[in-house]
Amino acid sequence: MIEILTPAQIDQARVSGALVGDILHTLKGRAKVGTNLLEIDAWAKQMILDAGAESCYVDYAPSFGRGPFGHYICTAVNDAVLHGRPRDYRLADGDLLTLDLAVKTGGVAADAAISFTVGTKAQPGDAELIAATEEALAAGIAAAGPNARIGDISHAIGEVLSGAGYPINMEFGGHGIGTTMHQDPHVSNDGRPGRGYRLRPGLMLAIEPWVMADTDVLVTDEDGWTLRSSTGSRTAHTEHTVAITEDGVEILTLPTR
């Protein structure tokens, strides 16, 4: 299903997006050496509930997972990149942490992710890996707008990621979003310009470049959710929810502070 939202729903998406951005901003500030991933999940739960919002993850049970996700945020560390299920692990100095969060307010969802180094001992290449996903996201957003096509976004992302020397996995990517978290159209992290669905005002997309340093092959943890690089290499993932407008594109998941 491809959903075109009403102006009132886009207004509500701004509320959801601001909440997602603010929670991620707060959690990044709290994530220190020694912080347990389960603490981060508990903090996310509390902020979601305090805002009167609804988690998109806790009861999420898609075909590719193993039962309901059961947590309020994805926490992926080092070689984990997607669907990182919170576990009893304390962050170490130099860990590369990805936080991925989706919530609903007023029946409309927003989804975003950030990657950053914990502490002061970043490994060589981490900053470049994170920067590549951030630059690819900016390029993908710049390629979006009314009458652009999904392939334009995918091509822009792929040019940045491949230009930086990273392999690109095509199994998981961005997606439509609205009254449910995951919708069509799929937004691959590489593609051909001028192809695919033509963007229309009212369409919302979660655009999410992610990479693994030296492979495009994923493996799944025993938890049935957490996806890791097959080689144990470092990973990064950056995401925003955007709305296509009459005049261009609006980022909805920026923090308000």
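Take 1 as the starting number for the sequence shown in the UniProt record's numbering and just add one per residue.
Note that the Cβ used here is the ideal one computed from N, Cα and C, for glycine as well.
Please report how far the alpha carbon of residue i lies from the alpha carbon of residue j, in whole angstroms.
| i | j | result |
| --- | --- | --- |
| R228 | D79 | 5 Å |
| G52 | G107 | 12 Å |
| S162 | F69 | 32 Å |
| Q123 | P255 | 27 Å |
| I4 | R200 | 8 Å |
| C56 | Q12 | 16 Å |
| N147 | R192 | 15 Å |
| T235 | D247 | 34 Å |
Cβ of residue i within 8 Å of Cβ of residue j?
| i | j | result |
| --- | --- | --- |
| I40 | T6 | no |
| A109 | V103 | yes |
| D214 | T226 | no |
| D111 | I157 | no |
| G23 | A42 | A quick correction: the sequence has Ile, not Gly, at residue 23. Not closer than 8 Å, so no. |
Within 10 angstroms of its Cβ, does residue i collect 16 or more other Cβ (buried), or is it exposed?
| i | result |
| --- | --- |
| residue 281 | With the chain running from 1 to 257 in the structure shown, residue 281 is simply not present. |
| E222 | exposed |
| M170 | exposed |
| G224 | exposed |
| D217 | What sits at residue 217 in the sequence shown is Val, not Asp. The residue is exposed, with fewer than 16 neighbouring Cβ atoms inside 10 Å. |
| E239 | buried |
| M1 | exposed |
| D152 | buried |
| Q183 | buried |
| residue 332 | Nothing can be reported for residue 332, as the shown portion of the chain is limited to 1 through 257. |
| A8 | exposed |
Taking residue i as the reference, give the member of the options with the closest Cα.
| i | options | result |
| --- | --- | --- |
| E26 | Q183, I48 and E54 | This sequence places Thr at residue 26; Glu is not what is there. The candidate whose alpha carbon is nearest that of T26 is I48. |
| T241 | G151, D50, D100 and A132 | D100 |
| V219 | V81, R195 and T98 | V81 |
| D126 | L97, D11, G248 and S154 | L97 |
| R198 | P167, I150 and H186 | I150 |
| P86 | I114, V20, S233 and L38 | L38 |
| G196 | Y166, S154, L129 and G202 | S154 |
Checklist line | Contact the region 8 to 16 vs the region 58 to 66: 3+ CB pairs below 8 Å | finding: no
Item checked: Meets three-Cβ-pair contact criterion under 8 Å: the region 199 to 218 and the region 172 to 181 -> yes
Margin query: Measuring CB atoms only, is the region 86 to 106 touching the region 142 to 150, in the sense that at least three cross pairs come out at less than 8 Å?
Written below: no
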